[in-house]
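When you line the sequence shown up against numbering that gives the first Met the number 0, it's residues 0 to 370, in that order.
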Amino acid sequence: MPNQSLHPALARDSTEAKNRLMRMNLALARRIKTNDPPANRRSMYFVIIRVVGVSLLLSSALVHAQTQAAMNAQARADFQRADGELNKTYQIVLAKLPIAEKQKLKEAQRAWVASRDADPVRAAKDAEGASMAPSIRYETITDLTRKRITELKAMIDKGTMISPPTQAAQSPNAQASSGSKSEPAPDSFSPDKEWEYTCEEYGIGQCAPEIVNATTSDIVLDFDEEVHGPEASAARVVWAPNSKRFAFNYSPPHAHYAQYATVAFYQLEGDKWLQLAAPLSLVDESQLLQLGKKHLLKDFNPRRCAAERDVVKLRNWIDANTAILYAPCYGRTSNELEAAFLFTLKFDPSGKCKFVETHQMSKKELEEEEK
């Protein structure tokens, strides 16, 4: 059997406990009277039994803690895989539905997620405070998630909402979490205060990203087809100084083991926000590799970068028509930040953009970026 390393905190506690036990038993041994051999032997037997017994208890507790921690981690990983499959399946169904059915599915899915994330609270109640509680919670929501995937897959061939989703009865916790809004970020409002980026919460770590009219609260743009699930809560909007454009930094559906982030641009035409042509396409090859093919990377091979960490995002606007993109490169073997680039994008009045400048960040700039 290979040695299994303990968590540092468990290992430290184990060592300290054993040291304390050894000191106590040595002190006890010194107090044994040397002029009474029978008593001496009986006391030493007592010391040995005590050492063995307590050591067995310590070992048993540590093994249990280590085993349960591994079970909790596995249950969490199983849920993450199931949740990733759920989000991909949901996006496929959403894309195939007619416009009239899309909103129904969005509302049904958000209500289902709120119910799913609240239901495990009841399932784990009996184990509250115990080490098995996380496993119970993740196993419960994983089971619910797989059932929901089956329901959504049944809709794909039909191309319609065939039935309401099955879900646990709404608990007070689910009702409280569904439809709640977090405090808006300082930069969520456009500079002219006419528009606001919101992300209405409907489940644990999940929200519905939207642009709303700041005066009427009417939804004018819904990003649910671009980003969904836990990744939605990490999405950000960066407004141009004149409030006529914004960049949407987000993470589209991707493999659970990978990191993928990109940017989309929108421009105000009259009273409607329209998505502009993307500076980079969502294809199988990495975004840095695409930039390399555009001859924007000089004396640098983007194939050095880890393909599973593909990140490009808007860093800031220089003015209403000029944006700076940030693209890091993580080493294939080291997985450390090895290089990063800043790309300057210039927009014309119609919204078309082109790359006008590339800057490879210096070592000092990289160190500042990592702080």
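Beta carbons: idealized from backbone N, C-alpha and C, even for Gly.
Cβ pair residue i, residue j closer than 7 angstroms
i: L288; j: P278; result: no
i: Y196; j: I210; result: yes
i: S134; j: N71; result: yes
i: N320; j: F346; result: yes
i: R390; j: Q266; result: Because the chain is modelled from 0 through 370, residue 390 falls outside the range shown and cannot be assessed.
i: P240; j: G204; result: no
i: A257; j: E307; result: yes
i: K313; j: A260; result: Rather than Lys, the amino acid found at residue 313 in this sequence is Leu. The answer is no: Cβ separation not under 7 angstroms.
i: A436; j: T144; result: Limits of the chain in this structure are 0 at one end and 370 at the other, which puts residue 436 out of reach.
i: Y249; j: E225; result: yes
i: A213; j: W194; result: yes
i: I148; j: L96; result: no
i: P252; j: K362; result: no
i: A322; j: L295; result: no
Residues near residue i in its chain [Cβ-Cβ closer than 6 angstroms; skip 5 each side]
i: Q286; result: L279, D309 and V311
i: K105; result: D223
i: Y137; result: A74, R75 and F78
i: A110; result: none
i: P208; result: C198, F222, A231 and A234
Length of the line joining the Cα atoms of residue i and residue j
i: G330; j: Q102; result: 42 angstroms
i: S176; j: A76; result: Because the pLDDT at S176 is just 39, under 50, the model does not fix this residue reliably, and the value given afterwards should be weighed accordingly. Answer to the nearest angstrom: the Cα atoms are 24 angstroms apart.
i: W272; j: A69; result: 48 angstroms
i: K180; j: C206; result: Only weak support is given to the placement of K180: the predicted model assigns it a pLDDT of 43, under 50, and the value that follows is read from those uncertain coordinates. If I take the Cα positions, the gap works out to 9 angstroms.
i: A126; j: A132; result: Note that A126 scores 48 on pLDDT, short of 50, meaning its location in the model is unreliable; the coordinates nonetheless yield the value given after this. Answer to the nearest angstrom: the Cα atoms are 5 angstroms apart.
i: L220; j: G350; result: 18 angstroms
i: V50; j: T139; result: Its pLDDT being 49, under 50, V50 is placed unreliably by the model, and nothing is read from it.
i: Q90; j: C352; result: 28 angstroms
i: A107; j: A263; result: 27 angstroms
i: L290; j: G269; result: 33 angstroms
i: V92; j: C198; result: 22 angstroms
i: E325; j: T357; result: Here the sequence assigns Tyr to residue 325, which means Glu is not the residue at that position. Taking the straight line joining both Cα atoms gives about 10 angstroms.
i: C304; j: P327; result: 9 angstroms
i: Q274; j: L281; result: 15 angstroms
i: E150; j: I218; result: 28 angstroms
i: A99; j: S216; result: 22 angstroms
i: H227; j: N334; result: 27 angstroms
i: V112; j: F299; result: 44 angstroms
Cβ-based neighbour list, residue i, same chain, cut-off 7 angstroms, excluding 5 preceding and 5 following
i: D191; result: S242
i: H255; result: Q79, R80 and G83
i: L365; result: L336 and A339
Counterpart residues of residue i in DSSP-defined beta bridges
i: H358; result: L341
i: Q108; result: According to DSSP, Q108 bridges with nothing at all.
i: D318; result: T321
i: A373; result: Residue 373 cannot be examined here, being either before or after the span of the chain that is shown, 0 to 370.
i: R235; result: N248
i: D221; result: E209
i: F188; result: E195
i: L313; result: L324
Closer than 7 angstroms to chain B by CB, residue i
i: Q289; result: Considering every chain present, this structure includes no chain B. It has just one protein chain.
Same chain only: Cβ atoms within 8 angstroms of residue i, ignoring 5 sequence neighbours per side
i: M360; result: A338, A339, F340, L341 and E368
i: A94; result: E224
i: S189; result: E195, A213, W238, S242 and F245
i: A276; result: G350, K351 and C352
i: V355; result: T343, L344 and K345
Residue i: CB within 6 angstroms of a non-hydrogen atom of the ligand ADP
i: T332; result: No copy of the ligand ADP occurs in the structure displayed, which carries no ligand at all.
Check your understanding: Which runs of the beta strand (DSSP E) fall wholly inside the stretch 241-292 and span at least 3 residues, in chain order?
Key -> 244-249, 258-268 and 271-274
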